[in-house]
Amino acid sequence: MCAKTIKTALLLLCCFLISCGSKTTTETEDNTANEDNVPTSFVTTETSECNFEDGTYPATVDYNNSQTGHSATYTLDVEVENCQIIQINFPNGGYVDEDHITAADIDENGNTSVEGEDGKRYEVRIDN
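Using my numbering, read the sequence shown as starting at 33 and increasing by one per residue.
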């Protein structure tokens, strides 16, 4: 094989591997080529709607228990990992984590709805 063919094959392989690792991809629809002479229809870019890095954030949490009818609003700390709420911390040192809630994706404004055990639901708004 000639060097140009090998280079083109490696570029296509890299583009494929990068696109497999992205959460969301966007492809262009024209058939123009980029500077490496790879059609741009094969080039992907990663996009993300999450504006929150991993860490702890204060949040307003609307709690509702459908089994008991109890509901309340609290200001609590929440743990974010990979743009998901994975834990809700309570002031007394207690918490609910992935053993008791379903991790939920955060939208670009810091809002999500977290399902808990036994009919519990947490509407979370990260305070910015």
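C-beta: ideal position from N, C-alpha, C; glycine also.
* To do: Report back the beta-carbon spacing between residue 136 and residue 128 to the nearest angstrom; my notes put them in contact at under 8 Å.
  => With 8 Å as the limit, residue 136 and residue 128 do not qualify as a contact, their Cβ atoms being about 12 Å apart.
* **residue 124 (DSSP reduced to helix, strand or coil)** => coil
* Element boundaries [beta strand (DSSP E), containing residue 158] -> 152-158
* To do: Starting from the C-beta of residue 119, find all residues in its chain whose C-beta is less than 6 Å away, skip the five residues before and the five after it, and write them out in chain order.
  => 111, 127, 129
* **Other residues of its chain near residue 113: CB distance less than 7 Å, five sequence neighbours each side excluded** => 86
* Asked: My guess is that residue 153 and residue 83 are in contact by the Cβ rule of under 8 Å, so how many angstroms apart are they, rounded?
  -> That pair is no contact at about 24 Å.
* Asked: At what residue ranges does the segment 99-149 contain a whole run of the beta strand (DSSP E), taking only runs of 3 or more?
  -> 103-113, 116-121, 143-147
* Which residues in the same chain as residue 108 place their Cβ atom closer than 7 Å to its Cβ, once the five residues preceding and following it in sequence are excluded? -> 91, 93, 120, 121, 122
* **First through last residue of the beta strand (DSSP E) which encompasses residue 94** => 87-97
* As assigned by DSSP and simplified to three states, the class of residue 84 -> coil
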